[in-house]
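One structure is given here, and the rest of the page talks about it.
See the structure below:
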């Protein structure tokens with residue numbers, strides 16, 4: 005299919021650094037989502053505890069946020085679990 009070939013060609017143009025950034029962003033988003041589900045906490049409840057809007061939390065869980073270390077630390081504190089591990 006032509007679209008698939010074009011898509012793959014464009015993906016190949018992405019720098020390794022950007023790929024890593026996207027991988028980390030989605031991994032963090034997946035971790036937050038998993039913890040929320042495990043704790044039966046809604047995005048709305050989490051947003052309230054974080055002092056954020058529900059829309060912003062939705063972007064976080066969708067992997068469309070560039071997290072700062074300060075934000076990651078606050079998320080870990082609010083959820084009571086580590087979001088990332090440094091080797």
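Numbering (my numbering), first residue to last: 5 to 91. Every residue gets a Cβ at the ideal spot worked out from N, C-alpha and C, and that includes glycine. Note that the coordinates shown come from a computational prediction; the quantities given were computed from them, not determined experimentally.
Nearest-angstrom Cα separation, counted from residue j out to residue i
{"i": "residue 54", "j": "residue 9", "result": "42 Å"}
{"i": "residue 14", "j": "residue 87", "result": "31 Å"}
{"i": "residue 50", "j": "residue 16", "result": "37 Å"}
{"i": "residue 69", "j": "residue 91", "result": "23 Å"}
{"i": "residue 31", "j": "residue 37", "result": "10 Å"}
Neighbour-count burial assignment, residue i, 16 or more Cβ in a 10 Å radius
{"i": "residue 63", "result": "exposed"}
{"i": "residue 35", "result": "buried"}
Test item: CB-CB of residue i and residue j under 9 Å
{"i": "residue 61", "j": "residue 48", "result": "yes"}
{"i": "residue 65", "j": "residue 33", "result": "yes"}
_Does the contact criterion of 3 or more C-beta pairs under 8 Å hold for the segment 41–60 versus the segment 16–31?_
Counting Cβ pairs under 8 Å, fewer than three are found: no touch.
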